[in-house]
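Please read the structure below before turning to the comments.
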Ligand SMILES: Nc1ncnc2c1ncn2[C@@H]1O[C@H](COP(=O)(O)OP(=O)(O)O)[C@@H](O)[C@H]1O
Ligand SMILES: [Mg+2]
């Protein structure tokens, strides 16, 4: 494939190379099944009952993105350990089972990156090495999962001072290359909690929308409202009620709190 044929234009009409130019050429990693089972990463298992809530979430997210022409979303929460990475990984896995769709899961929780641990794998080169200047091509930090439609851009060593990183030209370059990806590619960004620092706000400026993970019994209504207010004008696609043990949730502790009905919160003023 000729990469030049895949060139897209940025707002300044400078050609931007998509992050992945040849999906088949990306190095693939096979996931350890037992580890996935232990960590309840069930989104890959279409016939496993436990993947049902993620399939439901997948359908709603895919429909909303299609209707609005959006392709880059974040997953965040008000406070730490709410289940952002757990839900981002399971959602990405479930979406990757759809035909003709490519999913790219990016670890942008640079201070507490955990996608690799969640998947039980390691990688030789990761996105932190592009951001700190060790490597010069962010395309070298992308991996394909199980030879399927899921691709990841992970972090293999946490970065302490990430606020400046999110404002750096290298980060902006990653965003431009993500934007230049083909239309059938959905980018899911695993983000830090909103209240931890300004990383999430900085990153959110570049995304089309976000999902807010609500930790049942932990996240308060006020935290939810303040998170949405802080992240404006980027719209909230909806909430994921995690660890819910009753009502319309299922036996596995997930529920789809949808008090916002996948409505838009705030209108973007720019793309
Ligand atoms: N619904 C759930 N069922 C089982 N384990 C969960 C669930 N949600 C989160 N966890 C576990 O709780 C821990 C914290 O979740 P994580 O997704 O890492 O939080 P965050 O990314 O918001 O900091 C992880 O060990 C994760 O596997
Ligand atoms: Mg996390």
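Numbering (my numbering), first residue to last: 1 to 271.
All C-beta atoms, glycine included, are put in the ideal place defined by N, C-alpha and C.
In this text the structure is predicted, and so the values were computed from the model without any measurement.
For residue i, three-class secondary structure by DSSP
i           : result
residue 151 : strand
residue 47  : coil
residue 241 : strand
residue 112 : coil
residue 214 : strand
residue 75  : strand
residue 28  : strand
residue 232 : coil
residue 318 : The structure shown does not extend to residue 318, since the chain spans only 1 to 271, so no value can be given for it.
residue 102 : strand
residue 201 : helix
residue 156 : coil
residue 173 : helix
residue 220 : coil
residue 168 : coil
residue 196 : coil
CB of residue i within 7 Å of CB of residue j, strictly
i           : j           : result
residue 213 : residue 87  : yes
residue 279 : residue 51  : No information on residue 279 is available, as it lies outside the stretch 1 to 271 that the chain covers here.
residue 215 : residue 197 : no
residue 144 : residue 151 : yes
residue 96  : residue 46  : no
residue 175 : residue 206 : yes
residue 19  : residue 119 : no
residue 180 : residue 16  : yes
residue 94  : residue 54  : yes
Closer than 7 Å to chain B by CB, residue i
i           : result
residue 179 : The displayed structure is made up of one protein chain only, and chain B is not part of it.
Which residues DSSP lists as bridging residue i, in chain order
i           : result
residue 142 : Its beta-bridge partners do not exist; DSSP assigns none.
residue 107 : 190
residue 95  : Answer is none; residue 95 lacks a bridge partner.
residue 209 : 73
residue 185 : 102
Closest residue to residue i among the options (Cα-Cα distance)
i           : options               : result
residue 128 : 122, 154 and 148      : 154
residue 162 : 124, 203, 223 and 188 : 203
residue 28  : 141, 239, 200 and 165 : 141
residue 182 : 56, 14 and 69         : 69
residue 209 : 76, 36, 49 and 58     : 76
residue 85  : 101, 106 and 221      : 106
residue 157 : 117, 92 and 172       : 117
residue 220 : 122, 82 and 137       : 82
residue 72  : 23, 102, 44 and 98    : 102
residue 166 : 139, 218 and 108      : 108
Contact belief for residue i with residue j at Cβ below 8 Å, rounded distance in angstroms
i           : j           : result
residue 79  : residue 193 : 5 Å
residue 177 : residue 131 : The pair is not a contact, with the Cβ atoms about 13 Å apart (cut-off 8 Å).
residue 64  : residue 237 : 6 Å
residue 74  : residue 189 : 5 Å
residue 200 : residue 211 : Incorrect: roughly 13 Å between the Cβ atoms, too far for contact.
residue 57  : residue 187 : With a Cβ gap of about 17 Å, residue 57 and residue 187 do not count as contacting.
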